[in-house]
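Which chain is which? The protein sequence lines are A and B, in order.
Under the working numbering, the residue at position 100 of the first sequence is numbered 102, and the numbers go up by one with no gaps.
Under the working numbering, the residue at position 74 of the second sequence is numbered 57, and the numbers go up by one with no gaps.
For each residue, glycine too, the CB sits at the ideal point set by N, CA and C.
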Amino acid sequence: DAGVIQSPRHEVTEMGQEVTLRCKPISGHDYLFWYRQTMMRGLELLIYFNNNVPIDDSGMPEDRFSAKMPNASFSTLKIQPSEPRDSAVYFCASTQGLAALNEQFFGPGTRLTVL
Amino acid sequence: DQQVKQNSPSLSVQEGRISILNCDYTNSMFDYFLWYKKYPAEGPTFLISISSIKDKNEDGRFTVFLNKSAKHLSLHIVPSQPGDSAVYFCAASADNNNDMRFGAGTRLTVKP
């Protein structure tokens, strides 16, 4: 398996534009997580899905952020409109089984820069 | 609210010596703890874990210690190697809650 795949690896956009980040989890994994990494707060959990259903989105910072998982092999994180303070590295991770007890497998991340 | 805290943003150690990375947590419901390692331009990778029923778990050069009464855990690397230079994240979860909380990370530099 190729591991968790994220695209794009880098995204530079202007304030106000819509940004869509993509993730393909490891085949067979039933949990998918979106994280944001910043210098100040480290890795923050934004939202996670179980069997394509959003379970907890309490970490999503604002209504400008939305995430979907239309099927078991694809998820998107959308920011609309984007702002400079959204600049960060966004990671997708997946795992199988009880997420609390199993290691998560992370993708390489998407580095987002909003000018 | 940072439920998992890594108060040292960076640590520098000489090759061959011991590296000790610390982590504190506030949520007494946490009962499973993990350490992840992250190299630049890569995602974090799992390193070692410990359940709350134990106070120590060892895997080669890596040992994690858990002090539940103090809500503190630490990762010991001995002997440290230059290839261990990375950012280390502490994470915690509760088995009645399927998410995981991460600390802000500690950047370890092992000097040759």
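- Under the 10 Å beta carbon count, Arg0 (chain B) is surrounded by fewer than 16 other beta carbons and is classified as exposed.
- When the alpha-carbon of Val93 (chain B) is set against those of B:Lys54, B:Pro62, B:Ala87 and B:Phe85, the nearest one is in B:Pro62.
- Within the model, the alpha-carbon separation for Pro27 (chain A) versus His55 (chain B) is close to 32 Å.
- For Gln106 (chain A), the neighbours in chain B by C-beta distance under 9 Å run, in chain order, Leu17, Tyr19, Pro27, Phe29, Ala74 and Met83.
- Counting C-beta pairs with one atom in each stretch, the region 59 to 78 of chain B and the region 9 to 23 of chain B have three or more that are closer than 8 Å, which means they touch.
- Setting aside the 5 residues that flank it on each side, Met83 (chain B) is surrounded in the same chain by Leu17, Ala74, Ala75 and Ser76, each with a C-beta closer than 8 Å to its C-beta; the list follows chain order.
- At least 8 Å separates the CB of Gly66 (chain B) from every CB of chain A.
- Nearest Cα to Ser75 (chain A) within the set A:Phe51, A:Glu13 and A:Ser84: A:Phe51.
- In the three-state DSSP reduction, Arg84 (chain B) falls in the strand class (E or B).
- Shown in chain order are the members of the region 32 to 63 of chain B whose Cβ falls below 9 Å from a Cβ of chain A: Ser32 and Ser34.
- Proximity of chain B to Pro110 (chain A) at the Cβ level (cut-off 8 Å) is accounted for by Ala24, Glu25 and Gly26, in chain order.
- Taken in chain order, the unbroken stretches of beta strand (DSSP E) that lie wholly in the region 16 to 96 of chain A and span 3 residues or more are 21 to 26, 33 to 40, 44 to 52, 55 to 58, 67 to 73 and 76 to 81.
- The beta carbon of Ala69 (chain B) does not come within 8 Å of any beta carbon belonging to chain A, so the residue lies off that interface.
- Look at Arg87 (chain A): its C-beta is not under 8 Å from any C-beta on chain B.
- Distance from the Cα of Cys6 (chain B) is smallest, within the candidate group B:Gln(-15), B:Thr28, B:Gln(-11) and B:Ser68, for B:Gln(-11).
- Close CB contacts of Arg38 (chain A) within its chain, under the 7 Å cut and outside five residues either way in sequence, are with Glu46, Leu48, Ala90 and Tyr92 (chain order).
- The C-alpha of Val(-4) (chain B) lies about 42 Å from the C-alpha of Pro56 (chain A).
- Looking at the backbone, the Cα of His59 (chain B) and that of Gly66 (chain B) are separated by about 15 Å.
- When the alpha-carbon of His31 (chain A) is set against those of A:Gly99, A:Phe108, A:Ile7 and A:Cys94, the nearest one is in A:Gly99.
- Annotation for Glu105 (chain A): no beta strand (DSSP E) segment contains it, and DSSP assigns it neither H nor E.
- Interface with chain B (8 Å Cβ-Cβ cutoff): Arg24 (chain A) is excluded.
- When secondary structure is reduced to three states using DSSP, Asp78 (chain B) falls in the coil class, being assigned neither helix nor strand.
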